[in-house]
Structure formats: structure tokens, C-alpha cells
Amino acid sequence: MPRELRRRASRPNYAALFQYEDEDGAGPSTARRVIDDEEGSGSDFAPDEARDQGAGSAEEDDEDEDDELEEDADADASMGEPSDAEDSVIATQPVYRAPKKVGRKNVSLAPAISARQQPIVIPSTHHRHRAVALHIPASEFLVERLEACPQPFKEPKIVPTNNFAFCVSETRSVANRLPKSWSNNVGQGPLWELMEDRGWFSEAAFNTEPDEKFRRPRVHDTVRVVPDFTVLSAEEAALYVPKGAIKCAFGPFGQQESVAVKPLDTIDMNKFFPEDISHVFSAGAPVWAIDWCPIFSEDRSAIGHKQYLAVGPLISHDYAPLIGEKEARPACIQIWSISPAAQSNNDTAGGQSKVEDPGCMRCDMILCIDNGPAYDLKWCPLPSNDSIQVDGTPPTPRKLGLLAGTFCDGSLCVYAVPYPADISTTSSTPATSPSPIFVPEPLVRILHPETACWSLDWANSEVLAVGCTNGTIAVYNISDILKTGGALPGTLTEHSQAHLYPDMTPTHFLSAHQSAIRSLSWVRTPTHSAEGEVTADIPTVIISTGYDGVLHVVDLRAPCGNDISRTRDALNTVCFSPYNGGPLTIDQSYVKAISIAPLLLNKGHTLLDTDGPVWHIGASDYHPQIACAVTDGNLVTTNTFRNTRRGGSVPFFEHCIYQMGYNKKTKEYRMLDHLKSRVSHSHPGRLSLLTNYTSGTAKGPPKGTGAWPPEVGIHRAVWNGGNGLASAPWLASATASGLCRVDFLRGKWLHNRVPYDGVDGIRLERDTPDEAEDLE
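One point on numbering: in UniProt numbering, the residue at position 63 of the sequence shown is 63, and numbering is uninterrupted.
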């Protein structure tokens, strides 16, 4: 007779207990509870079918709380129903149903283990928060907008309009129409119809005029360029200028032409692509610092709307500085300009050019310094140039602007850059060659004995924040030094004693990171008084990233800061975007926008998924378009204002402006243009959390290798943010090959249709029907 096995009693499923709320928290049990699954098969390892069905409902973003309560009530009612499944070997005990308890007021320090956990919000393309601006001006204030499509080096047509906070009623407001209209941009650059200056500076805190000369006034007009520099010959300047010549292929794919590019050479991309407005120039070595120079609005027409760039190359292609190591050696800062071409005077009878002027790129001046190569360069955000006088020669060189930078010797320096046209008139070099000058000392020079300055950012025209290699942030107010220097008679001895402050102490010195601070940015928003009124104080919030993988935010009015996020990778860049209401940063190969507005604090979305880590993110005060410099050699732009509806008709495009390549055998570079834009895709691992995603049913686009030679990296991407609305489409980028590039990028409407019957309907400059609210 075979031996009978003892019938085994079922065991309680403790994992199921966590799904139901215990009102009294943890406590002694009065009886043994056994939870029987409604549709269970008797096996603890069988998948829960009801749970799988509930996972599909996680895709719904707007579930009401009433529906959740009804589902919970149905689930409780079904707990005592008998199962229709056949009897198994495992015996089941009667289900114990505890009597319903009346809730009591409990005081506890932490929630019980059995308390219901809040669902984790997973950013995806199915649910997006609309960006909330940190500073909302009064609705009656006017701003400027373009009336016609801007052309490079032409006087723009500007008219006043309502700002983004203008509101007629709850259903008709510019704040609702602008984001919806921006989401219809499918082009590489910004839409000129919608651009608006959202930058805020304490120098114009109480301004109510729409003109740019009041919104961005001229600053530091008393600071002069002290003539203690020396004009060098070509032989003397050779010690400071890089000498790296490379070969690079340009042109359409399959028809590229190899060109030998020497330092300070320029290439007009209009020869290869007739419709493009872009230029490539060589700095001679890898470039880590590049920035546009702001020019006062009333001086731009006098110089033909010429644009200036400051470029800081390394010494050579083989030079690799160490983090925190101080080394003073000869280096240079190159001042490049892009101006109207001389042969573009073929106008039609109406006064408009038949073909847009692509411009001419050249190096105007070279600042030779002994501080070592620049890690970071940033012009004063407000125009600090002297008045441009067409007639007459000024007694001293006019000032182009104030340029701040961190250098290899560990210092933070501020230079008064002279106007290149004044230097070329006194130089013996040809007019087509740059004017090399040696600058012995800057206006301001700051050194820390225990650390080195690495990254910087301007809060306004007087306050600077510096990120150091030991994880500290130093804030300096240099207004007193600049004002004192402007009042000096001008001798070299008096100048040196006034401008070099070895014992200058910072206004704030904060410990923010455990390693070097790679990037930091001011949140340029006004502070408010106790009555809620806007004050003219400087911004107080700084956001920084470091090699410890921490995104840190600190308020100078608070004793300590807070960590917004922490990753297991180094964070290379962070920048503040007025349009997104918070910082833009990275997480491995993802570009994220995080809101710091009180309404959506610490909530954000993934904007971009690149094929490699991002070196730098460029944002603008005039539009929501961002540019990303990626290590795999791609310069990518995308629109951050996207439709909040699920299943919208507007795709999320990633536009590759150009791509760098490198052949290790032939030591030759190539630059690919006019690449096809791709639609942003979610990471498969994240997409599987919301949908029944499997590798067999859906596959993303294939990616290349995860390793790239360092020669192809794009280091910097900077929008022109200080020369008005007409110059906002200019984008400058710097690469590891020493090649730099400027592009004039324009946006494009979806299906070439402007919503709300035109920009005047978007800005509510005229009455529009209410049924035009729906763009879909």
C-alpha cells in the first residue's frame, strides 16, 4: 500500500499584506490571517493575473481618486468569495476577515510598513508637465518681437507686443497659447515669430519699457582699457598661438573634399551647401571655452551688425591638463568676428538682397597671456562696450567688453578687451591678419592658495560665482575694483596697485561638493521683499554640478544647500533656462529639465537621449531651443516646449547639425552635414514600466559603439544671447579637433501653418474666436 503524504496547510502571503492599509499601523495580531488570492492557482510562484491587468492601467495619468476607492472596495468584497479552481494538494483554510475598525487619531514619527505606498512618477512621453516660469512680469508690460524674418547683418524690424503673462480671461491668455505654439516647431532653430527676451538682470529690475536698451542697459562705461599692452610681431606671437594643422573633409556625403586647415584659417560652408549660413574656423588646438560678446543695441548698426566671439584654445593637441594642478605658461585668447561679406551688395529694386549674405569670418585680435590656456570664458552678460564712434579717433583704445575666465594657473581673471579696429590701426601687421597684443595683467586677478578656479558664471554685471576644484563655491563682488580702476589717472604703477587685490575675500565661500565643480549657473530671477514686491538685489540661487554626480542648489541666504539629484556618473554641465523655469542637466546620456518653481518643485522630464555623454548644454534667454555638445561628435538641437497631450500629432525631433569623424590610420577628420532628424525615443527599460514592452514587439533605433576617440568630441555649444532678437539664431560650437563652427539656424512650423491665425493671434494683439484654442 503506497504511503500517503500529509496534507500541507497553506501559508500566509505576507507580500499581499503590504498592499492593504492598516489604519492603526503595526500592532499585535489577534488571530492568524490567511489571504487567499481571488484567481490564484494555489502556487505562490504563479504570476498574479489581476496584478498584470492592473499594470496596464498605470499608463493612465489622470485617474480620479473616486475610481481608486471603488476599485479598492471591489477588491475587498472579492476577498471572501470562493475560488472556482480545482482542489489541489495544498489545503486552504477559511479566510479570516477582520472586523472593520474605526479610525483613531495616532501620532507616529514614521508611517507603518503596511501603509499604502505612493506611486512613483515616471517621466515619459505620455505625461508632461508644462514649464512654469520663475519670474512672471506684470501683464501690462510690453516686450519686443520681430515683425519680419531676420536676416544676418540687416537691421531687424521690431514692434512691441504683449508679454507671455498677458491674459484676457482664464481661457484666453498668452501663457496658454505660447507653449502650444512653440510645440509646433519642428526646425533646427527657434521660430522668429515667437522669440521674446525673458532674461532678468538686477540693473533693470524696475524697468517697464519694452526697448532692449532699457532691458539690457550699458554697464561699466567708466572702466577704460589701460594702454599697458604691447603689440607683438608675428614671430613674437608664435610662442602663444597653437600650431596644430589638420586635414578635414567637408561637403555632402560621398562627395566630400579634403581640405588642409591651418590655425586661424576659415572655411565658408556656403561653398558646399549654397543655402546654409555657417562658417568653420580653426583655433589650432582643442577648444574648451567660447562665448559671444554682447554689443549695446544702439551701437550695432554702426559696426554693420558684426558679431564677436572669444575663443580659448589649449596649447596643442597633446596637451592634457590635470584637474587642480596649477601651471602658468604662454597661451592666448582669440577674438573672432563674423561680418557682412564685401561682395554682397547686389540689391534688387526693392532694396532687398537676392541671396542672403552668408558673411565673412576672420580672426581680428589675439590676446597673448601668461596665465595658461582658458578652462572657461564668459563675457559680462550686459553690454559693456564703449560707444562706437564712426567719425574721429578716440585718444585711447575703446573697450569691446569685459571678459572673465578661469585659467590653467588656477586664477580667475577679468580682462578689459580693446576694440580690435583700434588695435589694427596701430599695428604693423597686414589688415587681413589678426593683431597680436600681449596683456601683462588683467583688471582683476583672484587666486586661491589651496584650490584652483575651474568654472564661473555671472549673476549680473558685478557679481561672479566661481566653482573650485576642491568642491567649494566662491562668490565675488568686483564692482568696487572696477569703479576704482575707472577713476585712476592711468599710470602702470597706480593701475597695478588698484586692480590686483591679493587679499580680496569673497562675499560667500560655500562647500557644495565632494569633488571638483565642473559647471555652475546662477538662477537669474528677482528676489522679493516681505511684502512680496520685487527688489533690485542680485540673484541668490546657484546650481552646480560636480564629478561626485550631485546636482546641488544653494541659496546664499540659507546656511546650507540641498542636493536635487545624485547619480553614479560625473555631471559635466548645468545651465539655467528661463523658459523651462529651472536647470538643464544630464544623467548619463539623458538631458533632463528640472523645475524649481514651487508648483512643480524637483519635477522634470527627459528631453533628449543622445548616443554618448553630453559635454555641454546651451540655452538661451530668447527661445526654448537647446543645443547639446556630445562626446560622440554630434551637435544636437531640440525643442524643450512640447505638447502635454498624449498621442499628439507633433513629433519630438532631435536635429543633428553636424557630426565629426576621425580616422586613426590616416589622421584625417571629416564633418558630415544635413543629417536626417530623428524622433526622440524612450529608453526601453523605462518604457517597459508603463507598457507591455518587449524586445520582440518594439525596438528602438540601433546605436553605435559606446567608445569614441577623444578627437571627435564637441566641447561647447553657445547661443548668441546678448545681441538682440535678430542675432538669437546664431549658434557657436567648439570641438576637440580645434575646429569651431557658427550656424544661423531657423525654426519651421509644422505643415507650414501658424496657429491662431498668426502671431498677432498668439500674442492676443487682436480678438480671435474661442474655438481656435484647440490646436489639434
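By construction, the Cβ of each residue, glycine as well, lies at the ideal position given by its N, Cα and C atoms.
Inter-residue CB distance, Pro383 and Phe296 (contact presumed, cutoff 8 Å): For the purposes of this step, residue 383 is identified with residue 383 of the sequence shown, where counting begins at 1. For the purposes of this step, residue 296 is identified with residue 296 of the sequence shown, where counting begins at 1. Distance from Pro383 to Phe296 at the Cβ level is roughly 4 Å; contact confirmed, criterion being Cβ atoms closer than 8 Å.
Range covered by the alpha helix (DSSP H) that runs through Val759: On the sequence shown, position 759 is the one that residue 759 refers to. 759-762 is the span of the alpha helix (DSSP H), which, as asked, contains Val759.
Alpha-carbon spacing of Gly312 relative to Glu140, whole angstroms: Along the sequence shown, one-based indexing puts residue 312 at 312. Along the sequence shown, one-based indexing puts residue 140 at 140. Between Gly312 and Glu140, the C-alpha separation is close to 43 Å.
DSSP-derived helix/strand/coil call for Val311: Walking along the sequence shown from the start, residue 311 turns up at place 311. DSSP places Val311 in strand when its eight states are reduced to three.
Three-state secondary structure assigned by DSSP to Ile295: The sequence position of residue 295 within the sequence shown is 295, counting from 1. Note: Ile295 maps to coil in three-state DSSP.
Validate contact between the region 568-575 and the region 586-594 using beta carbons, cut 8 Å, 3 pairs: Yes, since at least three Cβ pairs between the region 568-575 and the region 586-594 fall closer than 8 Å, the two stretches touch.
At least three beta-carbon pairs within less than 8 Å, the region 734-745 to the region 163-170: In this structure the region 734-745 does not touch the region 163-170; the number of beta carbon pairs closer than 8 Å is below three.
Secondary structure of His616, DSSP reduced to three states: Numbered from its first residue, the sequence shown carries residue 616 at position 616. Reduced to three states, the DSSP call for His616 is strand.
Close-in-space but distant-in-sequence residues of the same chain around Tyr658 (CB under 6 Å, 5 per side omitted): Sequence index remark: in the sequence shown, residue 658 carries index 658 (1-based). Within the same chain, Tyr658 has close Cβ partners Leu635, Met671, Asp673.
Pairwise C-alpha distance: Pro152 and Phe653: Taking the first residue of the sequence shown as position 1, residue 653 is located at position 653. Taking the first residue of the sequence shown as position 1, residue 152 is located at position 152. Approximately 26 Å, taken between the alpha carbons.
Ile542 versus Asp457, Gly758, Phe273, residue with shortest Cα-Cα distance: Counting from 1 along the sequence shown, the entry for residue 542 is found at position 542. For Ile542, the nearest C-alpha among the options comes from Asp457.
Pro397 Cβ short of 7 Å to the ligand GTP heavy atom set: By its list of ligands, the structure shown contains no ligand whatsoever, and the ligand GTP lies outside what it can speak to.
Three-pair Cβ contact test at 8 Å for the region 130-149 versus the region 331-342: The region 130-149 makes no contact with the region 331-342; the number of CB pairs closer than 8 Å stays below 3.
Same chain, Cβ closer than 6 Å to Ser519, neighbours up to 5 away in sequence not counted: Walking along the sequence shown from the start, residue 519 turns up at place 519. Excluding sequence neighbours, Ser519 sits near Ser455, Thr545, Thr573, Val574.
Local conformation of Arg557 per DSSP, three classes: To locate residue 557, count along the sequence shown from 1; it is residue 557. DSSP places Arg557 in the coil class of the three-state scheme, outside both helix and strand.
Rounded separation between Asp548 and Asp563 - CA only: Locating residue 548 in the sequence shown gives position 548, counting from the first residue. Locating residue 563 in the sequence shown gives position 563, counting from the first residue. C-alpha separation (whole angstroms): 11 Å.
DSSP bridge partner residues for Trp379 (one or two, in chain order): Taking the sequence shown and counting its residues from 1, one reaches residue 379 at position 379. Beta-bridge pairing links Trp379 to Leu403.
Separation of Asp422 from Pro434, as counted between CA atoms: The residue given as residue 434 occupies position 434 in the sequence shown. The residue given as residue 422 occupies position 422 in the sequence shown. In a straight line, the C-alpha of Pro434 is about 12 Å away from that of Asp422.
Nearest-angstrom beta carbon gap, Ala474 and Phe509 [assumed within contact, 8 Å]: What you label residue 509 is simply residue 509 of the sequence shown in a count that begins at 1. What you label residue 474 is simply residue 474 of the sequence shown in a count that begins at 1. About 5 Å; that satisfies the 8 Å criterion.
Separation of Leu607 from Lys665, as counted between CA atoms: Within the sequence shown, the letter at position 665 stands for residue 665. Within the sequence shown, the letter at position 607 stands for residue 607. Spanning the two alpha carbons is a distance of roughly 36 Å.
Whether Val414 touches Val463 by CB criterion (8 Å): Sequence index remark: in the sequence shown, residue 414 carries index 414 (1-based). Sequence index remark: in the sequence shown, residue 463 carries index 463 (1-based). It is not a contact, given that the beta carbons lie outside the stated cut-off.
Supposed contact pair Arg215 and Asn207 - C-beta distance, whole angstroms, cut 8 Å: For the purposes of this step, residue 207 is taken as the residue at position 207 of the sequence shown. For the purposes of this step, residue 215 is taken as the residue at position 215 of the sequence shown. Correct: roughly 6 Å between the Cβ atoms.
Runs of beta strand (DSSP E) wholly within the region 568-610 (minimum 3 residues, chain order): Fully enclosed beta strand (DSSP E) runs of 3 or longer: 574-577, 582-587, 590-595, 603-609.
Range covered by the alpha helix (DSSP H) that runs through Pro179: Stepping through the sequence shown from its first residue, residue 179 is reached at position 179. Taken as a continuous stretch (DSSP letters only), the alpha helix (DSSP H) holding Pro179 covers 174-182.
Alpha-carbon to alpha-carbon, Val591 and Ala91: Residue mapping note: residue 91 aligns to position 91 of the sequence shown, counting from 1. Residue mapping note: residue 591 aligns to position 591 of the sequence shown, counting from 1. A caution first: Ala91 carries a pLDDT of 42, below 50, which makes its placement in the model unreliable, though a value can still be read off. Each residue's alpha carbon lies about 54 Å from the other.
Val523 versus Ser258: straight-line alpha-carbon distance, rounded: Here residue 523 refers to the residue found at position 523 of the sequence shown. Here residue 258 refers to the residue found at position 258 of the sequence shown. Near 44 Å, if we compare the C-alpha coordinates of Ser258 and Val523.
Element boundaries [beta strand (DSSP E), containing Glu212]: Here residue 212 is taken as the residue at index 212 of the sequence shown, counted from 1. Glu212 -> not in any beta strand (DSSP E); alpha helix (DSSP H) instead, spanning 212-215.
Supposed close pair Leu134, Thr525 - CB separation, criterion 8 Å: Here residue 134 is taken as the residue at index 134 of the sequence shown, counted from 1. Here residue 525 is taken as the residue at index 525 of the sequence shown, counted from 1. Distance from Leu134 to Thr525 at the Cβ level is roughly 4 Å; contact confirmed, criterion being Cβ atoms closer than 8 Å.
Beta-carbon proximity of Asp364 to Pro420, cut-off 8 Å: Sequence index remark: in the sequence shown, residue 364 carries index 364 (1-based). Sequence index remark: in the sequence shown, residue 420 carries index 420 (1-based). Judged by their CB atoms, Asp364 and Pro420 are nearer to each other than the 8 Å cut-off.
DSSP three-state assignment for Leu689, whether helix, strand or coil: Looking up residue 689 in the sequence shown gives position 689. Confidence at Leu689 is low in this model, with a pLDDT of 38, below 50, so its placement is unreliable and no value can be given for it.
Distance between beta carbons of Asn163 and Leu142, contact taken as under 8 Å: Looking up residue 142 in the sequence shown gives position 142. Looking up residue 163 in the sequence shown gives position 163. Leu142 to Asn163, Cβ: 7 Å. Contact.
Three-state secondary structure (DSSP) of residue 781: A query on residue 781 cannot be resolved here, the shown segment of the chain reaching from 1 to 776 and no further.
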